[in-house]
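Read the structure below first, then the notes.
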Amino acid sequence: MARRRTARHRTGVWVLVGAGTLAASAILGSDLLAAPGVASLVSDSPKEVMDQAWQIVFRDYLDTTGKYTTDRWRTLRKDLLAKSYGSTKESYEAIRGMLATLDDPYTRFLDPREFKEMQIDTSGELSGVGIQLSLDKDTKELVVVSPIEGSPASRAGVMPKDVIVSIDGKSTKGMSTEDAVKLIRGQAGTKVTIQLRRSGKVIDTPLTRERIELHAVEHQVNTSGDGTKVGYIRLKQFNANAAKDMAAAVKDLEGKQVQGYVLDLRSNPGGLLMASIAIARQWLDEGIIVSTKTRDGIQDTKRANGRALTKRPLVILVNEGSASASEILSGALQDNKRAVLVGQKTFGKGLVQSVRGLSDGSGMTVTIAKYLTPSGRDIHKHGIDPDVSAKLSEAEAQKLKLEDLGTKRDSQYRAAESTLLKQLRSAATATQPYNPNSANLPAALAKP
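Rendered as structure tokens:
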């Protein structure tokens, strides 16, 4: 028997805006208050953890499904705490069942091993096949958000929106993301076969697990056909080093005198909320970046702070695998007229989770807010529409190699570069002074 606790239970709180199960988070701090008069029901450890999870939902949960009422939640607590649990495993299953009544795939329980794995993204390295997963709320199917660049999954041609049908012959029907991750991850060098459904076809995909290093930013100078120097930056995830790496890339490219930028967020599944805000501030001098709305209304609004690293024209590449933090960044720059979006509609994950550590080393994620773009758009399940549509066909996507991204062999990049060049030409025309000895009609006719 654990000692009776009627005081506060200290827990860890992380803020998540990642679409996949490997999303990173920022450690904050919080106190969980035990409700008065319940100590006799929760004095043993399994029930104590159960009650902590219950109270987190009761205090902070944002219902987006219509399945939650305080009366029903109180009744559920009473029923659960009145039962006896013969093992920790039984109590964990009871907690999972309790959270399942919310019908929210992003609010879920993590046993101690799973909770520890939530920290993988911030470490910059993982062992597995490199698939970011999500549970489709409507179909309850396991869906690939995106493969991690350079991973076994990426090299095997796994694509965003692929449905995982089975893992090593075991059907994923009714399977949670945590259970799927347990089956997919493993020691480097071992094998796993994932069966995928894509466009109605089922594909068997054998993969060999390996250690995967996670580098957030890559950049290079591209020269267009007319000699324009374009700074190409690929941001693959919003981890703890992403803002620092982005700043270094911009400063390097500014030093090489690029005339504009293409920022590639394709298949970026998200990560740290604060990383997306910090990176937005590197591109935006003023304006709202994002607002978060809890069940009590707008609670926080993040703004630019006048410290943009460049004012050169910017085009952002997005696709159906650009999610969460990627959508915060692209939505902020689109709404503030700072960037033009090129590509395909984004994933549409507009909910914010916190990850709470519980007293026995387990944890849980809980939906606590939704985020809104500067213009007030709620993009959850809808995504962000690009300003310029550019779709990569399935055949092109299969043929496109990792080293082809951001090159002339990448048709979406070509569309982004073309859009950037139009911006540069438009800006040059608008600022060119009228010369009475030339046929400089655009400048002569420009409005003052």
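Residues in the sequence shown are numbered consecutively from 24, following this note's numbering.
Yeah, the Cβ is synthetic: ideal placement off N, Cα and C, and Gly gets one too.
Nothing here was measured: the structure is a model prediction, and the numbers come from that model.
Backbone secondary structure at residue i - three-state DSSP
i, result
"A392", "strand"
"I302", "helix"
"K193", "strand"
"T315", "strand"
"F132", "strand"
"E236", "strand"
"R379", "strand"
"G52", "A caution first: G52 carries a pLDDT of 25, below 50, which makes its placement in the model unreliable, though a value can still be read off. Here G52 sits in coil by DSSP."
"I351", "helix"
"V204", "helix"
"E241", "strand"
"Y115", "helix"
"K101", "helix"
"R220", "strand"
"Y108", "coil"
"T452", "helix"
"S441", "helix"
"G153", "coil"
"Y436", "helix"
"M121", "helix"
"K214", "strand"
"T246", "strand"
"M182", "coil"
"F370", "coil"
Own chain residues within Cβ distance below 6 Å of residue i, not counting five before or after
i, result
"F138", "S385 and G386"
"D323", "T315"
"A272", "V240, H242 and I256"
"L415", "Q435"
"I226", "L219"
"N245", "V253 and Y255"
"R318", "L85"
Buried/exposed call for residue i, threshold 16 Cβ in 10 Å
i, result
"P229", "exposed"
"D268", "buried"
"A327", "buried"
"G366", "buried"
"A47", "Because A47 sits at a pLDDT of 29, beneath the cut-off of 50, its placement in the model cannot be relied upon, and the following sentence gives the value as read from the coordinates. Burial call: buried."
"S347", "buried"
"S169", "buried"
"D433", "buried"
"G212", "exposed"
"K372", "buried"
"G151", "buried"
"Q357", "buried"
"I217", "buried"
"I171", "buried"
"T93", "exposed"
"E343", "buried"
"E140", "buried"
"L302", "Sequence check: residue 302 is Ile here, not Leu. That one is buried."
Host beta strand (DSSP E) of residue i (start-end)
i, result
"L230", "K224 to T231"
"S169", "L165 to P170"
"D323", "G320 to R326"
"V80", "Counting along the chain, V80 falls outside any beta strand (DSSP E), though it belongs to the alpha helix (DSSP H) covering S68 to D83."
"I407", "Per DSSP, I407 belongs to no beta strand (DSSP E) and is neither H nor E."
"V365", "V363 to G366"
"G254", "K252 to L258"
Presumed contact (8 Å Cβ cut-off) between residue i and residue j, rounded CB distance
i, j, result
"P191", "L206", "In the sequence as displayed, the identity of residue 191 is Asp instead of Pro. Confirmed, Cβ separation roughly 7 Å."
"L181", "I154", "Note that residue 181 is Val in the sequence shown, not Leu. Indeed they touch by this definition, with Cβ atoms about 6 Å apart."
"V253", "E71", "Not a contact, Cβ separation roughly 57 Å."
"Y129", "T388", "6 Å"
"P397", "N359", "6 Å"
"T124", "L85", "The pair is not a contact, with the Cβ atoms about 16 Å apart (cut-off 8 Å)."
"I235", "S174", "5 Å"
"D9", "S177", "There is simply no residue 9 to check, as the chain begins at 24 and stops at 471 in what is shown."
"K393", "V375", "7 Å"
"A105", "M73", "Actually they do not touch by this definition, with Cβ atoms about 11 Å apart."
"E350", "I402", "6 Å"
"M121", "L103", "6 Å"
Contacting residues, own chain, Cβ-Cβ under 8 Å from residue i (five flanking each side not counted)
i, result
"S353", "L288, I339, V341, S345, A362, L364, T369 and I407"
"K214", "P229, L230, T231 and R232"
"D249", "L444"
"A331", "R304, Q305, W306, L307 and D308"
"A270", "Q305 and L332"
Own chain, CB closer than 7 Å to residue i, minus 5 neighbours either side, in chain order
i, result
"L447", "T251, Q282, G283 and P336"
"D126", "T88 and K90"
"G329", "D308 and E309"
"E419", "S434"
"K325", "I300, I312 and V313"
"I79", "L55, R379, M387 and V389"
Residue span of the alpha helix (DSSP H) that contains residue i, given as start and end
i, result
"V273", "A265 to G278"
"K422", "E417 to K422"
"S177", "P175 to R178"
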